[in-house]
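Numbering that gives the first Met the number 0 puts the sequence shown at residues 0 to 128. Everything on this sheet refers to the single structure shown next.
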Amino acid sequence: MNPAAKGRRLQQLAKKALEARGYRVEVAQNVIRWIPVVRDRHKISPELRPISTHHDLFTLWDLLWCRDDGVLGVAQVTTKENLSHRRTKILADGFPLTPHCWILAYVGGRGAHFRVYRPPFEAWQEIVK
């Protein structure tokens with residue numbers, strides 16, 4: 000499975016897990032970008048064609064979630080192996096973090112689940128199945 004497909008699958012798993020706990024969840028949508036048409040490798044045509052590409056919210060977050068009590072939050076979905084990379088990227092960005100900015104790290108296997116990391120993303124606080 001290619002990395003993009005795996006990422007989309009994990010996002011859908013996270014969405015379903017949060018919805019099962021009563022959250023309303025929206026996944027960051029793809030955006031349409033227009034790129035030049037290349038007719039041969041040395042000539043770029045003035046024509047443009049649309050391509051659909053993934054777009055993270057604020058370049059960082061995959062999911063936007065809301066609880067019934069009005070609390071809003073965002074989440075980055077990743078695997079536990081890529082957690083440190085995501086943590087570094089988020090902390091380096093300077094995005095104003097709240098306790099409702101989560102990294103959901105997927106742990107596969109028989110008891111597959113997501114570990115919820117809150118700022119500063121050093122230790123997980125709960126499990127979402």
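Every residue, glycine too, gets a C-beta built ideally from N, C-alpha and C. Keep in mind that this is a model prediction, so the values were computed, not measured.
Does DSSP put residue i in a helix, in a strand, or in coil?
i    : result
R109 : coil
L96  : coil
A16  : helix
G6   : helix
If I follow the unbroken beta strand (DSSP E) through residue i, where does it start and stop?
i   : result
R32 : 30-39
E25 : 23-26
A74 : 71-78
Ignore the nearest five residues each way along the sequence and tell me which others in residue i's own chain have a CB closer than 7 Å to its CB.
i    : result
A16  : F113, V127, K128
V70  : H99
R86  : I102, F120
E125 : V115
F57  : F94
How is the alpha helix (DSSP H) around residue i delimited, first residue to last?
i   : result
R86 : 82-92
With burial defined as no fewer than 16 other Cβ atoms inside 10 Å of the residue's Cβ, what is the status of residue i: buried or exposed?
i    : result
K14  : buried
W33  : exposed
Q10  : buried
A111 : exposed
L47  : exposed
Using a Cβ-Cβ cutoff of less than 6 Å, which residues in the same chain neighbour residue i once the five nearest sequence positions on both sides are dropped?
i   : result
C65 : R23, L71
Under 8 Å Cβ to Cβ from residue i, same chain only, skipping five residues before and after it: list those, please.
i   : result
Q28 : H54
For this session: Decide if the region 70-90 is in contact with the region 99-111; the criterion is three or more beta carbon pairs, one per stretch, under 8 Å apart.
Result: yes
Exercise. For the 8 Å Cβ check, are there 3 or more pairs between the region 25-39 and the region 80-95?
Worked result: no
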